[in-house]
Structure formats: structure tokens, C-alpha cells
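Asker: Sending over a structure as C-alpha cells; questions will come in a sec.
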């Protein structure tokens, strides 16, 4: 079996030198970096199908998924660990987010085994979405105000750190530089 990636089109048309390239590797990596480009292409173009590249889609995916979902989760979680636990990640007990992560890992593994990289990325990003929802549902900022909730706060912050660690691992094939930064921010 020979695996070949689908074609990348520009606004529905063939993306080729002879047709005149409206986008270059340099212009795309200057816009959001090589990790974001790699993420976008592997998220948008399945191995057995074609995909469409436009600046608008690239920018939208970058903003919605990488900056808002993943970036927001990492920033909020690490900031709260810094603020409420002096940058020490608490072990904490198992949380609903840990259970969600187990289901995501199964989906991710199945997708990777089937060479469905776009589905594996979607599964990982589902964990980021669940992490952001977990923050809203548990309101760590409220728990931090109540000494009697210290153990619960440790559970929440520990669960968030574990989710970020899992995301750093799951997304590292697609965004190695940024996920290495996230891993280091977690003390790895």
C-alpha cells in the first residue's frame, strides 16, 4: 500500500506553480508559524481526499482552535496554577476531565491507527474544548476563595495540568515546537 496525501487546492482550484502560487510556504509560515501551517493542512486535508487552502480558512482555524481553544486553556490553566499554587502543579484526585480524556485517547488512537490524522487532531481538540468547559463548570477562582475547598481546587488544577500534558503529547506530531513549549511550561 502506498499512502499519498490528497491535493491541496486554492479556493477550489489547483494549487500549482504553473497556475501561479497565491500562497507560498514562506508566506504561510510567516503568518502563523510552521506548527500552525502543519496543523492546518493535516486538519483540513484527509489522506484520501482533497482540501482547500484559503487565507481566511487558515486564519479562522488558527484563531478559533489554536489561539482561542488550546491557547486559552493553556493560558488560563497555567495562570491559575501559578496564582493559586505558586506554580506547583498539585497531584489532585481524578476528575471528570480525566474521564473525558480517556475517551478522547481511545478516539485519537483509533484515528491514528487508521491514518486519519484529521480525526486524531479533532479528537485532541475535543479535549481542549472539554478542558475549557471544565474550567467554566468548576470555577477554580471561586474555589480559591474558600479554604475548605483547597482539596477540590487541587483536583481541578491537577486535572487541568494532566489534560494539558495529554494535549502536548497528542498534538506533538502536528505541532512539535509549540507542544514542546507547552510540555516545558508544565515542568517536563
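In the numbering used here, the protein residues as written are -14 to 173. Built from N, CA and C at the ideal position, the CB exists for glycine as well.
Can you tell me whether residue 76 is buried or exposed? The criterion is at least 16 other CB atoms within 10 Å of its CB, across all chains shown.
Answerer: Along the chain shown, one-based indexing puts residue 76 at 91. Flag for residue 76 reads exposed.
Asker: Do residue 102 and residue 151 have their beta-carbon atoms positioned less than 8 Å apart in this structure?
Answerer: Taking the chain shown and counting its residues from 1, the one referred to as residue 151 is at position 166. Taking the chain shown and counting its residues from 1, the one referred to as residue 102 is at position 117. No.
Asker: The alpha helix (DSSP H) with residue 120 in it runs from where to where?
Answerer: Here residue 120 is taken as the residue at index 135 of the chain shown, counted from 1. Here the alpha helix (DSSP H) through residue 120 covers 102 to 123.
Asker: Please report the straight-line C-alpha distance between residue 170 and residue 63, rounded to a whole angstrom.
Answerer: In the chain shown, residue 170 corresponds to position 185, counting from 1. In the chain shown, residue 63 corresponds to position 78, counting from 1. If you take the alpha carbons of residue 170 and residue 63, they lie about 8 Å apart.
Asker: Can you give me the C-alpha to C-alpha distance between residue 28 and residue 51, rounded to a whole angstrom?
Answerer: Residue 28 sits at position 43 when you count from the first residue of the chain shown. Residue 51 sits at position 66 when you count from the first residue of the chain shown. Whole-angstrom Cα-Cα distance: 12 Å.
Asker: Using the three-state DSSP reduction, which class does residue 36 fall into: helix, strand or coil?
Answerer: Counted from its first residue, the chain shown places residue 36 at position 51. Strand at residue 36.
Asker: On the DSSP bridge list, what partners appear for residue -5?
Answerer: Counted from its first residue, the chain shown places residue -5 at position 10. Per DSSP, -2 and 38.
Asker: Within 10 angstroms of its Cβ, does residue 163 collect 16 or more other Cβ (buried), or is it exposed?
Answerer: For the purposes of this step, residue 163 is taken as the residue at position 178 of the chain shown. So residue 163 ends up on the buried side.
Asker: Under 8 Å: do the stretch 141 to 155 and the stretch 77 to 91 share three or more Cβ pairs, one atom per stretch?
Answerer: Yes, the stretch 141 to 155 touches the stretch 77 to 91.
Asker: Check each candidate in 141, 130, 116 and 96 and name the one with the smallest Cα separation from residue 31.
Answerer: Translated into positions along the chain shown, residue 31 becomes position 46. Answer by Cα proximity: 96.
Asker: What residue does the alpha helix (DSSP H) around residue 130 start on, and which one ends it?
Answerer: Reading the chain shown from its first residue, position 145 is the one you call residue 130. Run containing residue 130: none; DSSP gives neither H nor E here.
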